[in-house]
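Here is the structure we will look at.
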Amino acid sequence: MTARTRIHLAIAWTLVGLPLAWGVWQVFRKSLDLLR
Amino acid sequence: MEREIGYLSFLDREHTIAGPDFSRWLVPPAALAIHLSIGQAYAFSVFNLPLSRLIGGGASAPGDWKLSTIGWVFSVAIVFLGLSAATFGRWVERVGPRKAMFASALCFSGGFFVAALGVSTHQFVLLLLGYGVLGGIGLGLGYISPVSTLIKWFPDRPGMATGLAIMGFGGGAMIASPLATMLMARFDHIAPHGVAPTFVTMGALYFAFMMFGVFTVRVPRDDWHPEAGRAQTAAQRRAENSKRVSEQRRAENSKPVAGAARGREHPNVVAREHPNVVATEAIKTPQFWLLWVMLCVNVTAGIGVLGQASPMIQEMFPGVITAAAAAGFVGLLSLANMLGRFFWSSLSDYIGRRATYATFFLLGAALYSLVPSTGHAGSVALFVIGYVVIMSMYGGGFATIPAYLRDMFGTIQVGAIHGRLLTAWSTAGVLGPVLVNYIREYQINHGVAKADAYTVTMYIMAGLLLIGFVCNLRVRPVDQRYSIDARDPVTA
Chain A
2 MTARTRIHLA IAWTLVGLPL AWGVWQVFRK SLDLLR
Chain B
5 MEREIGYLSF LDREHTIAGP DFSRWLVPPA ALAIHLSIGQ AYAFSVFNLP
55 LSRLIGGGAS APGDWKLSTI GWVFSVAIVF LGLSAATFGR WVERVGPRKA
105 MFASALCFSG GFFVAALGVS THQFVLLLLG YGVLGGIGLG LGYISPVSTL
155 IKWFPDRPGM ATGLAIMGFG GGAMIASPLA TMLMARFDHI APHGVAPTFV
205 TMGALYFAFM MFGVFTVRVP RDDWHPEAGR AQTAAQRRAE NSKRVSEQRR
255 AENSKPVAGA ARGREHPNVV AREHPNVVAT EAIKTPQFWL LWVMLCVNVT
305 AGIGVLGQAS PMIQEMFPGV ITAAAAAGFV GLLSLANMLG RFFWSSLSDY
355 IGRRATYATF FLLGAALYSL VPSTGHAGSV ALFVIGYVVI MSMYGGGFAT
405 IPAYLRDMFG TIQVGAIHGR LLTAWSTAGV LGPVLVNYIR EYQINHGVAK
455 ADAYTVTMYI MAGLLLIGFV CNLRVRPVDQ RYSIDARDPV TA
């Protein structure tokens, strides 16, 4: 795997991973109400 | 016809064939970009209240759209998802993932823009045609576009690969719901409840995000398979080393390279194991309809829980669970739905598709029957855990079906066959809520207590899952006479 492919992979997974992580965090934050 | 516009030729299948440096792990994020976008559909309900108060402002006024009317937008979108996936499946297979993803982005984003016009001019038909019809077609095209490409890139782990993408559809709502709420608050001073500008912004954002998927996706060469890819990488490494050593050493290193080349000549073992059935033949097989019923009952049962989750937990635990905690429970179920898509489909690569679905139906039926009893016993934790497992299997049912189809019908038109199977989802989308609401209403009208009415509904859902279990037991390998290999040895 070339360095360029590795960079492409890092950018691609970050681009989809960040919004997904943000969405999951939003839900998780709301779900904490269930524990209170 | 597909190549008549020269400047769009980058969308053609032949321009998307991966080069030697391409990593197959770039395809899942490309697919996720599409599915995370179109998964927004599940969060459409966040617009329901604002759309019903466009004229009245704080409350609905005469002339405002009713909530029951607005509900049709989502239903029409899901129906058009199934119809477009079934209709355009073969076109998607023919033109390749990039053009299909591009068409999906145009339709899905275009749907937002037309819907924004409908909201601005307060014409419901434009909202319905925009988000429901045009957007729904975008949903169907987007849902199936990466499936067959992922299966071809990951013949060794088709469940995991398609599960990753379809997980995105579950995750899309988690992003879209808070995003839409934030945007509506931001644009509140521009337009009533900020709905129209939010539609325009989301249409533009999703178009840009989907373009990332369009430009990233690639199809493998016809002779590509994972082992060949690894052999080629090793060969390249050896070739680089050989520049630095003597001529004799380089000659020695060339021997394994030749071996690797021989390895590439081997046919794809996975492709040989399954018949190759085209979509028009697949729907003639009993296996297709058994899988159709399995998907339909799994979705119907899951919708039965999702649609009632919030009132159910509040009425099961009166005075214990508040409305905010119930919203948290719904969020937790969405999370389980999303993670279940990845977990169960990945597991199916190891334990097999049949065993995975047998688990869904048996464990599901047991949980549907038992969990209401935990509610009556007053155990919130067991109740929540039970439904979390149920929802993970609901998501798992969606995510594992493409790999099951691959096992049955091969890879040649798996996307098109998957598209046709999604009509089961459309059917369940209409059937599920109607069935659940009717049973519940019937029970309450006949004097059953509200909390007990849920129990009866869950027993009926468990019964549906047992039908799915029997169908799964009856699934056998597809008869070779349906395979194009048996019909046309040259093509094979």
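First to last, the protein sequences are chains A and B. Letter by letter, the first sequence follows residues 2 to 37 in the working numbering. Letter by letter, the second sequence follows residues 5 to 496 in the working numbering. Beta carbons: idealized from backbone N, C-alpha and C, even for Gly. Since the model is a prediction, treat every value here as computed from it, not as a measurement.
| Query | Result |
| --- | --- |
| Chain B within 8 Å of Ala13 of chain A, Cβ atoms only | yes |
| Chain B within 8 Å of Leu19 of chain A, Cβ atoms only | no |
| Rounded straight-line distance, which links the Cα of Phe364 of chain B to that of Val118 of chain B | 40 Å |
| Option nearest Ala35 of chain B by Cα separation, candidates A:Ala4, A:Met2, A:Trp14, A:Arg5 | A:Trp14 |
| C-alpha distance - Ala453 of chain B paired with Phe321 of chain B, whole-angstrom precision | 14 Å |
| Expected contact under 8 Å - CB spacing of Val434 of chain B and Ser79 of chain B to nearest Å | 7 Å |
| Contacts around Gly443 of chain B, its chain only, beta-carbon distance under 7 Å, and the 5 residues preceding and following it disregarded | For the record, residue 443 of chain B in the displayed sequence is Ile; it is not Gly. Result list for Ile443 of chain B: Val460, Thr461, Ile464, in chain order. |
| Contacts that Leu30 of chain B makes with chain D (C-beta to C-beta distance below 7 Å) | No chain D appears in this structure, whose protein chains are A and B. |
| Which of helix, strand or coil DSSP assigns to Val324 of chain B | coil |
| Bridge partner(s) assigned by DSSP for Ile21 of chain B | B:Val223 |
| For Gly67 of chain B, three-class secondary structure by DSSP | coil |
| Under 8 Å from the C-beta of Ala37 of chain B: neighbouring residues of chain A | Leu16, Val17 |
| Test: Phe216 of chain B CB closer than 8 Å to a CB of chain A | yes |
| Span separating the alpha-carbon of Gly62 of chain B from that of Leu55 of chain B | 11 Å |
| Residue-chain proximity (Ala496 of chain B, chain A), Cβ-Cβ < 8 Å | Note that Ala496 of chain B scores a pLDDT of 34, beneath 50, so its modelled location is shaky and nothing firm can be said. |
| Nearest-angstrom Cα separation, counted from Tyr11 of chain B out to Ala169 of chain B | 29 Å |
| Minimum Cβ-Cβ distance from Met178 of chain B to chain A less than 8 Å | yes |
| Ala90 of chain B beta carbon less than 8 Å from that of Thr404 of chain B | no |
| Burial state of Gly382 of chain B, where buried means 16 or more other Cβ atoms lie within 10 Å | exposed |
| Straight-line gap, His39 of chain B to Gly172 of chain B (C-alpha atoms, nearest Å) | 5 Å |
| 8 Å Cβ cutoff met for Val96 of chain B and Leu145 of chain B | yes |
| Listed by chain order, chain A residues near Thr1 of chain B by CB distance under 7 Å | There is no way to answer for residue 1 of chain B, as the model of chain B reaches only from 5 to 496. |
| Proximity test, Leu85 of chain B beta-carbon vs the ligand NAP heavy atom, cut-off 7 Å | The model on display carries no ligand, and the ligand NAP is accordingly not part of it. |
| Simplified DSSP state of Met411 of chain B, which is helix, strand or coil | The sequence given here places Asp at residue 411 of chain B; Met does not occur at that position. Asp411 of chain B falls in the helix class under three-state DSSP. |
| Closer than 8 Å to chain A by CB, Asp226 of chain B | no |
| Classification of Asp226 of chain B by the beta-carbon crowding that lies within 10 angstroms, buried from 16 upward | exposed |
| Given Trp429 of chain B as reference, the closest of B:Phe203, B:Val297, B:Phe333, B:Val99 once Cα atoms are compared | B:Val297 |
| Glu126 of chain B in three-state terms, based on DSSP | Here residue 126 of chain B turns out to be His, not Glu, going by the sequence shown. Here His126 of chain B sits in coil by DSSP. |
| CA nearest to the CA of Phe106 of chain B, picked from B:Ala200, B:Val77, B:Ile141 | B:Ile141 |
| Nonlocal neighbours in the same chain, by C-beta distance under 6 Å from Ala11 of chain A, ignoring five residues either side | none |
| Partners in chain A for Gly175 of chain B, counting only beta-carbon separations shorter than 8 Å | Leu21, Gly24, Val25 |
| Gly419 of chain B at chain A interface by Cβ criterion, 8 Å | no |
| Beta carbon proximity, Met2 of chain A to chain B, threshold 8 Å | yes |
| Contact set for Ala286 of chain B: own chain, Cβ-Cβ below 6 Å, skip 5 residues either direction | Phe292, Phe413, Ile421 |
| Where Ser27 of chain B meets chain A, residues with beta-carbon distance less than 7 Å | Met2, Thr6, Leu10 |
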